[in-house]
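Per full-length UniProt numbering, the sequence shown runs over residues 1 to 136. We put the beta carbon where it would ideally sit given N, CA and C, even for glycine. The structure presented is a predicted model; accordingly, all values stated were derived computationally and were not measured. So the structure is just underneath, and the comments pick up after that.
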Amino acid sequence: MPMNGHCLCKAVTYTIEVDQPLITAYDHCDDCQRQSGSTYSLVAVVPKAALTINGPTKSWAGKGSSGKDVHRIFCGECGSPIAHDPDAAPEIIAIKAGTLSTEIKKTLKPDTEIWTVGKLPFCQEHLEKPFKHMPE
1 MPMNGHCLCK AVTYTIEVDQ PLITAYDHCD DCQRQSGSTY SLVAVVPKAA
51 LTINGPTKSW AGKGSSGKDV HRIFCGECGS PIAHDPDAAP EIIAIKAGTL
101 STEIKKTLKP DTEIWTVGKL PFCQEHLEKP FKHMPE
């Protein structure tokens, strides 16, 4: 069954032709903290070729730790972050898991914790084997 989701105002919808993400990660990088306005961003990493986005998106590109651009995709109407698309890993895209359909969000099982070097000191450990940066 494909995964799906939408932004806050429902102007942007998406479908992912996979049954589950490749990984579901707590992302503690500073950029994700700023984009989400929270302590981390929960992301569902999926094959980019499996994703179809419909609606008025905008994007902004900033340099990632690789030196390559990371394109942050968001709703052009309500501003909800939808995904980040790293040029350093062109085969994948990281969906902001909070935008997944409610029934799908409830079944997610985070399995990875990345960029713990940026973890805020009051955040608890989520997983036993966190990565200080990106996994190799």
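Top-ranked residue by Cα proximity to T112, from C7, M1, K10, Y40: As a position in the sequence shown, residue 112 is number 112, starting the count at 1. Nearest C-alpha to T112 among C7, M1, K10, Y40: Y40.
Beta carbon of Q28 nearer than 8 angstroms to that of I114: Translated into the one-based positions of the sequence shown, residue 28 becomes position 28. Translated into the one-based positions of the sequence shown, residue 114 becomes position 114. Rather than Gln, the amino acid found at residue 28 in this sequence is His. Against a cut-off of 8 angstroms, the Cβ pair of I114 and H28 comes out as a contact.
Sequence-distant residues of the same chain with beta carbon closer than 8 angstroms to V18, five excluded per side: Residue 18 sits at position 18 when you count from the first residue of the sequence shown. Here the set comprises P2, M3, V46, P47, A50.
Backbone CA spacing between T13 and S36 [nearest angstrom]: The count along the sequence shown starts at 1 and reaches residue 13 at position 13. The count along the sequence shown starts at 1 and reaches residue 36 at position 36. In this structure, the straight-line span from the alpha carbon of T13 to that of S36 is close to 18 angstroms.
Near the ligand ADP: V45 beta-carbon under 7 angstroms from a heavy atom: The ligand ADP is not part of the structure shown, which contains no ligands of any sort.
Own chain, CB closer than 8 angstroms to T24, minus 5 neighbours either side, in chain order: Translated into positions along the sequence shown, residue 24 becomes position 24. Once the five neighbours on either side are set aside, the close Cβ partners of T24 are L42, V43, A44, V45, A97, L108, K109, P110, D111, T112.
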